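*Asks:* In the working numbering, the protein residues as written are 463 to 600.
Idealized CB from N, CA, C, for every residue including glycine.
As the structure is a prediction and not an experimental result, all values here were calculated from the model.
This is the structure I have questions about; it appears just below.
In structure tokens:
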């Protein structure tokens with residue numbers, strides 16, 4: 463078994479076997495730059511409407527103007543420009559039923575939002591926004 467690599471070895475060229483036994487040399491690691499955060503959001507927290515469960519089942523989606531986070535039984539919407547939370551509601555209020563394990567997606571083709579959750583039986587609840595604003599009608 464080969465010895466573990468050290469930080470010194472991590473960028474050393476490595477010989478890789480190719481088709482027909484040929485070899486080539488390639489470097490590990492990159493010389494690119496790390497991504498820069500454009501926006502930061504303090505997402506839903508324990509104690510928010512419907513967000514009192516551990517572990518959190520987190521899911522989020524980014525649209526043109528909004529970031530939407532769904533955590534356990536909470537739905538929160540954030541304005542991307544102001545970073546303000548513009549909606550904070552429980553999924554029970556959103557759907558009128560006791561649901562959880564939400565998923566949220568943004569439909570780029572139609573500029574709409576899709577939310578999915580389950581009442582933990584054989585049903586799935588699906589909501590599709592009627593406008594591009596997740597704070598509007600669904």
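1. Throw me the rounded Cβ distance for the residue 538 and residue 506 pair, which I believe falls under 8 Å.
2. Take residue 499 as the anchor and find which of 542, 587, 597 has the nearest alpha-carbon.
3. In chain order, what residues of the same chain lie with their CB nearer than 6 Å to the CB of residue 515, ignoring the 5 residues before and after it?
4. Under a three-way DSSP split, which group does residue 597 fall into?
5. Determine the direct distance from the alpha carbon of residue 561 to that of residue 520, and round the result to whole angstroms.
6. With a 10 Å radius around its C-beta and 16 neighbouring C-beta atoms as the bar for buried, classify residue 471 as buried or exposed.
7. Give a single yes or no on whether residue 564 has its beta carbon closer than 7 Å to a heavy atom of the ligand PLP.
8. Can you tell me where the alpha helix (DSSP H) with residue 553 in it begins and where it stops?
9. Which value, in whole angstroms, describes the spacing of the CA atoms of residue 530 and residue 584?
*Replies:* Working from what's here:
1. Within the chain shown, numbered from 1, the residue matching residue 538 stands at position 76. Within the chain shown, numbered from 1, the residue matching residue 506 stands at position 44. Yes, residue 538 and residue 506 are in contact; Cβ-Cβ is about 5 Å, under 8 Å.
2. In the chain shown, counting from the first residue as 1, residue 499 sits at position 37. Nearest option by C-alpha distance: 542.
3. Here residue 515 refers to the residue found at position 53 when the chain shown is read from its first residue. Closer than 6 Å at Cβ, skipping near neighbours: 534.
4. If you number the chain shown from 1, residue 597 lands on position 135. In the structure shown, residue 597 sits in coil (DSSP, three-state: anything other than H, G, I, E or B).
5. The residue you call residue 520 lines up with position 58 of the chain shown. The residue you call residue 561 lines up with position 99 of the chain shown. Rounded to whole angstroms, residue 520 to residue 561 spans 14 Å at the Cα level.
6. On the chain shown, position 9 is the one that residue 471 refers to. Confidence is the limiting factor: at residue 471 the pLDDT is only 46, short of 50, which leaves the residue's position unreliable and the question unanswerable from this model.
7. Among the ligands in the structure shown, none appear at all, so the ligand PLP cannot be discussed.
8. Within the chain shown, numbered from 1, the residue matching residue 553 stands at position 91. Run containing residue 553: 553-557, per the alpha helix (DSSP H) assignment.
9. Sequence index remark: in the chain shown, residue 530 carries index 68 (1-based). Sequence index remark: in the chain shown, residue 584 carries index 122 (1-based). Residue 530 and residue 584: Cα-Cα distance of roughly 26 Å.
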